[in-house]
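In the order they appear, the protein sequences are chains A and B. So in the UniProt record's numbering, spot 118 of the first sequence is number 118, and the numbers just go up one at a time. So in the UniProt record's numbering, spot 44 of the second sequence is number 44, and the numbers just go up one at a time.
Number of protein chains: 2
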Amino acid sequence: MADVGAAKINTPVVSPLAGEPIKRADAERLAGVLKAFADPARLRLLSLIQSAPEGEASVTDLTAPLGLSQPTVSHHLRILTEAGLIEREKRGVWAYYRTVPAAISAIADLLTPPRKRATRKTR
Amino acid sequence: MADVGAAKINTPVVSPLAGEPIKRADAERLAGVLKAFADPARLRLLSLIQSAPEGEASVTDLTAPLGLSQPTVSHHLRILTEAGLIEREKRGVWAYYRTVPAAISAIADLLTPPRKRATRKTR
């Protein structure tokens with residue numbers, strides 16, 4: 001988990017599809033964040049949080065639909081939080097999670113081939 | 001490698017960010033393709049191929065800039081090919097690789113949060 005959780009895109013990374021070779025350090029950071037995505041349970045968690053009422057969910061909201069134990073769900077939520085893909089807000093005794101659309105968009109943009117990206121920018 | 005290489009998005013997958021829970025099988029397929037991306041050497045390979053003259057490169061073009069052995073480069077190229085992110089064309093004794101922008105875009109779209117995706121569609 002440390003190998004995944006430590007990765008977070010804090011500074012701009014050149015897209016691997018930008019037309020110039022990506023630097024080794026950038027590739028490592030981007031791979032770390034992509035590893036946070038690249039897990040079926042974490043994709044389902046993102047999906048469940050995103051489709052929850054008001055776009056937020058607590059750990060207990062997520063265990064039953066996923067069919068996973070609370071510690072396992074908490075482990076996956078921690079990886080997603082450390083990668084910056086979701087954020088956690090404590091209210092009273094409960095913690096609520098919501099997705100961070102800007103962070104997710106930034107990753108999607110890095111994986112968008114240049115032609116499409118260029119089209120988007122000029123519009 | 002089989003766990004990664006076997007994954008390929010052949011049929012449409014609902015985005016994990018679409019606002020309805022993604023199915024377990026879809027999450028597994030998408031995670032498989034994301035695993036192909038989520039590796040520093042493979043991100044650098046995609047980047048080198050994309051920035052090569054005419055957007056294509058052979059294994060021997062890629063070993064020196066990556067600083068990896070030919071079998072290791074071939075292994076990573078196979079994973080990217082099986083995931084559908086690059087394609088291989090044999091010409092004479094050489095094989096040339098190029099990226100598959102449509103496949104890469106499809107994955108980027110699945111990771112694009114709905115607000116941004118909706119904006120793109122309506123334009």
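All C-beta atoms in this analysis are idealised placements derived from N, C-alpha and C, irrespective of residue type, glycine included.
DSSP state of residue i mapped onto helix, strand, coil
{"i": "Glu89 (chain A)", "result": "strand"}
{"i": "residue 124 (chain A)", "result": "Because chain A here runs from 1 to 123, residue 124 (chain A) falls outside it and cannot be looked at."}
{"i": "Thr99 (chain B)", "result": "strand"}
{"i": "Ala108 (chain A)", "result": "helix"}
Any non-hydrogen atom of the ligand MG within 7 Å of residue i CB
{"i": "Ala102 (chain B)", "result": "As for the ligand MG, it is missing from this structure, which has no ligand bound."}
Cβ distance (whole Å) where residue i is taken to contact residue j below 8 Å
{"i": "Leu80 (chain A)", "j": "Ala36 (chain A)", "result": "6 Å"}
{"i": "Ala108 (chain A)", "j": "Thr112 (chain B)", "result": "4 Å"}
Alpha carbon of residue i to alpha carbon of residue j, nearest angstrom
{"i": "Ile86 (chain A)", "j": "Tyr97 (chain A)", "result": "6 Å"}
{"i": "Ala83 (chain A)", "j": "Asp61 (chain B)", "result": "33 Å"}
{"i": "Ala31 (chain B)", "j": "Ser74 (chain B)", "result": "22 Å"}
{"i": "Leu17 (chain A)", "j": "Thr72 (chain B)", "result": "21 Å"}
{"i": "Pro114 (chain A)", "j": "Ala38 (chain A)", "result": "23 Å"}
{"i": "Ile49 (chain B)", "j": "Ala102 (chain B)", "result": "16 Å"}
{"i": "Leu68 (chain B)", "j": "Gly92 (chain B)", "result": "24 Å"}
{"i": "Gln70 (chain B)", "j": "Gly55 (chain A)", "result": "47 Å"}
{"i": "Pro12 (chain B)", "j": "Ser47 (chain B)", "result": "26 Å"}
{"i": "Ala52 (chain A)", "j": "Leu110 (chain B)", "result": "18 Å"}
Spatial neighbours of residue i in its chain, beta-carbon cut-off 6 Å, leaving aside the 5 residues before and after
{"i": "His76 (chain A)", "result": "Ala41, Arg42 and Leu45"}
{"i": "Glu89 (chain B)", "result": "Tyr96"}
{"i": "Ala64 (chain A)", "result": "none"}
{"i": "Val4 (chain A)", "result": "Any reading at Val4 (chain A) must be qualified, since the residue scores a pLDDT of 49, below 50, and its modelled position is unreliable; no value is offered."}
CB contact check: residue i to chain B, cutoff 8 Å
{"i": "Lys90 (chain A)", "result": "no"}
{"i": "Gln70 (chain A)", "result": "no"}
{"i": "Tyr107 (chain A)", "result": "Reading the sequence as shown, one finds Ile at residue 107 (chain A) and not Tyr. With 8 Å as the cut-off, Ile107 (chain A) counts as an interface residue toward chain B."}
{"i": "Leu77 (chain A)", "result": "no"}
{"i": "Gly84 (chain A)", "result": "no"}
{"i": "Asp39 (chain A)", "result": "yes"}
{"i": "Ser47 (chain A)", "result": "yes"}
{"i": "Leu34 (chain A)", "result": "yes"}
{"i": "Pro101 (chain A)", "result": "yes"}
{"i": "Ile104 (chain A)", "result": "yes"}
Test: residue i CB closer than 8 Å to a CB of chain A
{"i": "Arg44 (chain B)", "result": "yes"}
{"i": "Glu28 (chain B)", "result": "yes"}
{"i": "Arg24 (chain B)", "result": "yes"}
{"i": "Pro21 (chain B)", "result": "yes"}
{"i": "Ile9 (chain B)", "result": "no"}
{"i": "Glu17 (chain B)", "result": "The question names Glu, yet the displayed sequence has Leu at residue 17 (chain B). Output row for Leu17 (chain B): interface = yes."}
{"i": "Thr63 (chain B)", "result": "no"}
{"i": "Leu111 (chain B)", "result": "yes"}
{"i": "Ser51 (chain B)", "result": "yes"}
{"i": "Ala31 (chain B)", "result": "yes"}
Contact set for residue i: own chain, Cβ-Cβ below 8 Å, skip 5 residues either direction
{"i": "Val14 (chain A)", "result": "Glu20, Ile22, Lys23 and Asp26"}
{"i": "Val33 (chain B)", "result": "Ala7, Lys8, Ile9, Ala83, Gly84, Leu85 and Ile107"}
{"i": "Arg29 (chain B)", "result": "Ala7, Lys8, Ile9 and Val13"}
{"i": "Lys121 (chain B)", "result": "Any reading at Lys121 (chain B) must be qualified, since the residue scores a pLDDT of 45, below 50, and its modelled position is unreliable; no value is offered."}
Other residues of its chain near residue i: CB distance less than 7 Å, five sequence neighbours each side excluded
{"i": "Ile104 (chain B)", "result": "Leu85"}
{"i": "Ser58 (chain A)", "result": "Trp94, Ala95 and Tyr96"}
Per-residue contacts from residue i into chain D (C-beta, under 8 Å)
{"i": "Arg115 (chain A)", "result": "The structure shown has no chain D; the protein chains it does contain are A and B."}
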